[in-house]
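*Asks:* Just passing along the structure, written as structure tokens.
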Amino acid sequence: MEKRFKVWTYKEGEQPLVHDGPVNNIYSTEGQFIDEMESGKSLFIAKHPDEAHAFFLPFSVANVIRYIYKPITSFSRDRLQQFVEDYVSVVANRYPYWNRSSGADHFMVSCHDWSPQVSNAHPDLFKNFIRVLCNANTSEGFRPERDVTLPEINLPFGLLGQPMISNRPSKRTILAFFAGGAHGNIRKVLLNEWRGKDNDVQVYQYLPKNLNYYQLMGKSKYCLCASGYEVASPRVVEAIRAECVPVILSDSYVLPFSDVLDWSKFSVNIPVRDIPKIKEILQAIPLRKYLQMQNRLKQVQRHFSVNRPAKRFDVIHMVLHSVWLRRLNIGLLS
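Position in the sequence shown (first residue = 1) + 35 = our numbering.
In structure tokens form, the structure reads like this:
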């Protein structure tokens with residue numbers, strides 16, 4: 036892939052809706068990817084669209100919501116959908132690339148909750164389109180064979196990641212940890228079952244001021260990654276960086292890069308119906324298996340790290356690799 040794959044980023048459109056995006060906080064992977072492909076430093080950038088294998092539409096859903104919907108008087112998706120359809124119309128009328136593949140070699144990248152709905156108004160237009168989304172929910176139309184899961188990473192201002200924590204297993208005295216608001220049904224069940232009820236499974240809605248979120252992750256063997264209003268959560272990447280084995284509590288979430296990463300080797304999946312059994316399930320995992328999973332977190336950390344410029348095997352390259360795999364599937368590589 037590194038020697039062959041080339042991506043053309045369309046030049047049409049103006050900032051801040053296109054060619055720009057948030058590079059901090061929970062939508063950061065959207066803006067970081069756009070900025071990387073606009074920087075001119077990526078080895079995957081095509082010099083001419085005729086040499087490209089894939090075509091990137093560099094609009095930012097987060098910025099569309101921020102600017103077109105300001106002030107927010109309606110939560111209807113129609114203005115977002117119209118904007119994206121207009122952008123596709125412009126590039127399809129100006130160049131032959133969209134029409135020759137019916138959009139199958141074109142892709143977008145977004146971490147906003149509304150992103151999956153850009154294609155809802157005209158599904159036939161977008162049926163072949165590759166959507167790279169944080170909100171990778173199969174119950175809401177995410178198609179693993181066509182779409183790509185974008186890891187949700189909460190980047191602090193001016194930084195490219197949360198703290199890396201590497202405590203030895205012997206220093207991890209908490210079995211499982213979670214702290215977060217009661218957003219969505221899954222978290223409500225988790226908080227109702229475990230909040231303040233067990234020293235081994237420490238679950239908080241509001242973390243006391245004398246406790247540090249990342250230090251608690253570093254003291255925990257397992258970190259509970261519960262979906263909120265949407266399936267994606269930055270806790271998955273935070274847990275990986277803290278070498279705290281992620282426990283996925285979600286329905287219908289397609290985990291990032293699962294084409295090439297075997298998540299069963301470094302995480303635990305617990306069905307939502309088994310939330311009351313969290314302690315029983317985790318305590319039943321043999322120590323040797325836990326140590327293997329925890330050690331493998333060190334091996335996969337680089338796949339969930341943001342670098343600028345991007346580096347081999349980091350999150351931006353992994354996203355491009357996922358697009359490459361789906362590009363191969365349509366059999367149009369020249």
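Glycine included, C-beta positions come from ideal geometry on N, C-alpha and C. From a predicted model like this one, the values you see are computed outputs, not experimental measurements.
1. Going by beta-carbon coordinates alone, are residue 144 and residue 133 separated by less than 9 angstroms?
2. For residue 258, which residues of its own chain have a beta-carbon under 8 angstroms away from its beta-carbon, when the five flanking residues on both sides are left out?
3. Over what stretch of residues does the alpha helix (DSSP H) that includes residue 221 continue unbroken?
4. Under a Cβ-count criterion, where at least 16 other Cβ atoms within 10 Å of its own Cβ denotes burial, should residue 86 be classed as buried or exposed?
5. What does the Cβ neighbour count give for residue 67, buried or exposed, with the cut at 16 atoms within 10 Å?
6. Name the two residues that bound the continuous alpha helix (DSSP H) containing residue 324.
7. Compare the C-beta of residue 57 against all C-beta atoms of chain B and say whether one is closer than 9 angstroms.
8. What number of angstroms, rounded off, separates the C-alpha of residue 319 from the C-alpha of residue 197?
9. Could you name the residues of the same chain whose beta carbon sits closer than 6 angstroms to that of residue 73, not counting the 5 residues immediately before and after it, in chain order?
10. On a CA-only basis, which of 41, 222, 110 and 98 is nearest residue 58? Give me that one, please.
11. Would you be able to state if there are at least three C-beta pairs under 8 angstroms between the stretch 154–167 and the stretch 179–189?
12. Is the separation between the beta-carbon of residue 317 and that of residue 232 shorter than 9 angstroms?
13. Ignore the nearest five residues each way along the sequence and tell me which others in residue 228's own chain have a CB closer than 6 angstroms to its CB.
14. Do residue 41 and residue 80 have their C-beta atoms closer together than 9 angstroms?
15. Would you grab the beta carbon distance between residue 347 and residue 88 for me? Rounded to a whole angstrom, and I think it's under 8 angstroms.
16. Where residue 365 and residue 330 are concerned, what is the direct C-alpha to C-alpha distance, given to the nearest angstrom?
17. Do you know how far the Cα of residue 335 is from the Cα of residue 328?
18. How is residue 105 classed by DSSP in three states: helix, strand or coil?
19. With 16 other CB atoms within 10 Å as the buried threshold, where does residue 140 fall?
20. Quick check: the Cα distance between residue 191 and residue 49, rounded to an integer number of angstroms?
21. Under the three-state reduction of DSSP, which class applies to residue 90: helix, strand or coil?
22. Report the option in 217, 357, 103 and 209 whose CA atom is closest to the CA atom of residue 234.
23. Can you find the residues in the same chain that come closer than 7 angstroms, C-beta to C-beta, to residue 103, ignoring five residues on each side of it along the sequence?
24. Starting from the Cα of residue 56, find the closest Cα among 188, 94 and 299 and give me that residue.
25. What would DSSP say about residue 371, mapped onto helix, strand or coil?
26. With H, G and I counted as helix, E and B as strand and the rest as coil, what does DSSP make of residue 352?
27. Taking all protein chains shown into account, decide if residue 157 is buried (16 or more other Cβ within 10 angstroms of its Cβ) or exposed.
28. Taking the C-alpha atoms as reference points, what is the distance between residue 62 and residue 128?
29. In its own chain, which residues sit with a C-beta less than 8 angstroms from the C-beta of residue 341, not counting the 5 before and 5 after it?
30. Spatial neighbours of residue 170 within its chain, please: CB distance less than 7 angstroms, with the 5 preceding and 5 following residues excluded, ordered by chain position.
31. Quick one, which of 105, 138 and 326 has its alpha-carbon nearest residue 120's?
32. Whole angstroms is fine: what's the gap from residue 369's alpha carbon to residue 39's?
33. What's the C-alpha gap between residue 177 and residue 286?
34. Would you list the residues sitting across from residue 303 in a DSSP beta bridge?
35. Give, in chain order, every unbroken run of the alpha helix (DSSP H) that is at least 4 residues long and sits entirely within the stretch 110–135.
*Replies:* To lay it out plainly:
1. Between residue 144 and residue 133, the C-beta gap is not smaller than 9 angstroms, which leaves the two residues out of contact.
2. 211, 212, 213, 252, 270, 273, 274, 277, 279, 280, 281 and 282
3. 220–229
4. exposed
5. buried
6. 322–335
7. The structure shown has no chain B; it contains just one protein chain.
8. 30 angstroms
9. 54
10. Considering only 41, 222, 110 and 98, the residue with the shortest C-alpha distance to residue 58 is 98.
11. yes
12. no
13. Cβ neighbours of residue 228 beyond the five flanking positions: 310 and 311.
14. yes
15. That belief does not hold up - the Cβ atoms of residue 347 and residue 88 are roughly 19 angstroms apart, past 8 angstroms.
16. 37 angstroms
17. 11 angstroms
18. Three-state DSSP puts residue 105 in coil, outside helix and strand.
19. Taking a 10 Å sphere around the C-beta of residue 140, we find 16 or more other C-beta atoms and assign the residue as buried.
20. 26 angstroms
21. strand
22. 209
23. 114 and 118
24. 94
25. Only positions 36 to 369 of the chain appear in this structure, which leaves residue 371 out of reach.
26. helix
27. Result: exposed.
28. 31 angstroms
29. 63, 64, 67, 188, 190, 195, 196, 349, 350 and 351
30. 148, 150, 151, 265, 266 and 267
31. 138
32. Caution applies to residue 369, whose pLDDT of 40 falls short of 50 and renders its modelled position unreliable; the model cannot decide the point.
33. 13 angstroms
34. 282
35. 113–129
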